[in-house]
Amino acid sequence: GSPTPFSLTLNATDSDVPAQTLTWSISSPASNGTATASGSGGTKAIGYTPNANYNGPDSFVVQVSDGNGGTDTITVNVTVEAVNDPPTVTSPGAQAATVGVLFSVDVVAGDIDGTVTAMTATGAGGGALPAWLTPSFDAPSETLTLSGTPGAGDVGPVTIEVTATDNLGASSSPVTSFVITVT
1 GSPTPFSLTL
11 NATDSDVPAQ
21 TLTWSISSPA
31 SNGTATASGS
41 GGTKAIGYTP
51 NANYNGPDSF
61 VVQVSDGNGG
71 TDTITVNVTV
81 EAVNDPPTVT
91 SPGAQAATVG
101 VLFSVDVVAG
111 DIDGTVTAMT
121 ATGAGGGALP
131 AWLTPSFDAP
141 SETLTLSGTP
151 GAGDVGPVTI
161 EVTATDNLGA
171 SSSPVTSFVI
181 TVT
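No gaps in the numbering here: position 94 of the sequence shown is 94 in the numbering used here, and each next residue is one more.
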């Protein structure tokens, strides 16, 4: 996921008489994100935006200068916490089923930073699945199989919506949908 950008406030004073205007900058950039510090004054908001999908330690060096050769630096150390990415579901695309013939389709999910622990299928808008269609979730392969034999009363298109949930509670969004047309 994308970690949240943040800012912190640093303060500095100039001992020169009269005090000089202080200028802020980043003298050593962050390795896994973008640090910003620009402008002048004794108090400065320093911004940091972690790279997408990064978590772990990072650091950067902020420098303040008085314009007369006086400088000071501080190393800012940050720890970027992991952000859970929701799982994704790959649509199998449009499907065709035949009355009286066993139909089966696999819908595969994945999660870049976790495990898919559940997959659900519904009709359009969260409605009921057609009675002839049975879902079966296989956790190790992160696959939902929909199977069944449509009857004569099932002819026509039906929209199926699939959602996956990961071990940290995130659900795929938007819902993945596809159409099964029974002939």
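C-beta atoms are modelled at their ideal positions from N, C-alpha and C, and glycine is treated no differently.
Just so you know, these numbers come straight off a predicted model, no measurement behind them.
Would you check whether the ligand FAD has a heavy atom nearer than 7 Å to the C-beta of residue i?
i, result
"S31", "Because no ligand of any kind appears in the structure shown, any question about the ligand FAD cannot be addressed here."
Once the 5 residues before and after residue i are set aside, which same chain residues still bring their CB inside 6 Å of it?
i, result
"D106", "T143, T145"
"T34", "T49"
Output needed for residue i: all residues of its chain with C-beta closer than 7 Å, excluding positions within five of it in sequence on either side, in chain order.
i, result
"T73", "S27, V61, V62, Q63"
"W132", "G148, T149, P150, G151, D154"
Compute the distance between the beta-carbons of residue i and residue j, then report whether it is under 8 Å.
i, j, result
"V116", "D166", "yes"
"T159", "G123", "yes"
"F103", "G148", "yes"
"D66", "Q20", "yes"
"S141", "V89", "no"
"V99", "V175", "no"
"D16", "L22", "no"
Bridge partners for residue i per DSSP, in chain order?
i, result
"N77", "S59"
"N11", "T43"
"Q95", "I180"
Identify which residue in the options has its Cα closest to the Cα of residue i.
i, options, result
"A139", "T149, P157, A109", "A109"
"P86", "V99, I112, A128", "I112"
"T163", "G114, A121, V182, G156", "A121"
"N84", "T176, I180, L168, T183", "L168"
"G39", "V101, P29, S25", "S25"
Considering only residues of the same chain and omitting the five flanking positions on each side of residue i, which have a CB-CB separation below 8 Å?
i, result
"Y54", "P3, N32, G33, V80"
"T9", "T43, K44, A45, I46"
"G114", "N84, D85, P87, D166, N167, L168, A170"
message: List, from N- to C-terminal side, the alpha helix (DSSP H) runs of 4 residues or more that fit wholly inside the region 113-160.
response: none
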